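S.K.: For reference, the structure I am asking about is given below.
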Amino acid sequence: MVREVDLGPYLRFKQKYLEGVLSGRKRVTVRHGIVRPRFNLVYIVCCGEIYAEAFITKVYYTRLGKLGEDVAAAEGMESREELIAELKEIYGDVGEDDTVSVIYFAVVRRYERPVPLERMRKSF
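Structure, rendered in structure tokens:
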């Protein structure tokens, strides 16, 4: 069974990837399963705070085993093996035949100071 998720207005990242996202070195995120963004414009979130806004430029679905070095590099990883190891750390046992979502994005607005996510939620 393929994991399916709708992505809301928040694209979340671990702290160790935040600087790569904000600097533009990390332009892709690979997520396990089928992740369907509901919005083109999303907030970049880390540790309960919003750091930027990004535009999702492209999404495609493939098998983990078909990911190339180009995706790993756009993810900010040194190699495909490093990317797969990170996915296994996050999602547990993922295999070569598992479906993944490759989400390309571009940061379009970086905030001077992060905004607490709770403050944003209260304004909606």
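Residue numbering for the sequence shown follows this note's numbering, starting at 215 and increasing by one per position. All residues carry an ideal CB built from backbone N, CA and C; glycine is no exception. Keep in mind that this is a model prediction, so the values were computed, not measured.
Would a C-beta distance cut-off of 9 Å place Gly282 and Asp311 closer than the cut-off?
M.R.: Going by C-beta atoms, Gly282 is not nearer than 9 Å to Asp311.
S.K.: Taking the CB atoms as reference points, tell me whether Tyr257 and Val235 lie closer together than 9 Å.
M.R.: It is not a contact, given that the beta carbons lie outside the stated cut-off.
S.K.: Less than 9 Å between the beta carbons of Glu263 and Leu331, yes or no?
M.R.: Their beta carbons are under 9 Å apart, which means Glu263 touches Leu331 by this criterion.
S.K.: State the DSSP-derived secondary structure class of Asp311, mapped to helix, strand or coil.
M.R.: Asp311: coil per DSSP, three-state reduction.
S.K.: Report back the beta-carbon spacing between Val216 and Gly247 to the nearest angstrom; my notes put them in contact at under 8 Å.
M.R.: Their Cβ separation, rounded to whole angstroms, is 6 Å, which keeps Val216 and Gly247 in contact under 8 Å.
S.K.: Per DSSP, which one or two residues make a beta bridge with Asp339?
M.R.: The requested residue 339 is not part of the displayed model; the chain covers only 215 to 338.
S.K.: Ignore the nearest five residues each way along the sequence and tell me which others in Arg250's own chain have a CB closer than 6 Å to its CB.
M.R.: Closer than 6 Å at the Cβ level, and outside the excluded window around Arg250, lie Asp220.
S.K.: Using DSSP's beta-bridge definition, name the partner residues of Cys260.
M.R.: DSSP lists Glu263 as partners of Cys260.
S.K.: Could you compute how far the alpha carbon of Gly238 sits from the alpha carbon of Glu326?
M.R.: Straight-line Cα distance between these residues: approximately 16 Å.
S.K.: Helix, strand or coil, according to DSSP, for Glu289 in the structure here?
M.R.: Three-state result, Glu289: coil.
S.K.: Name, in chain order, the residues that DSSP records as bridge partners for Val244.
M.R.: For Val244, which the question treats as bridged, DSSP gives the partners Val316.
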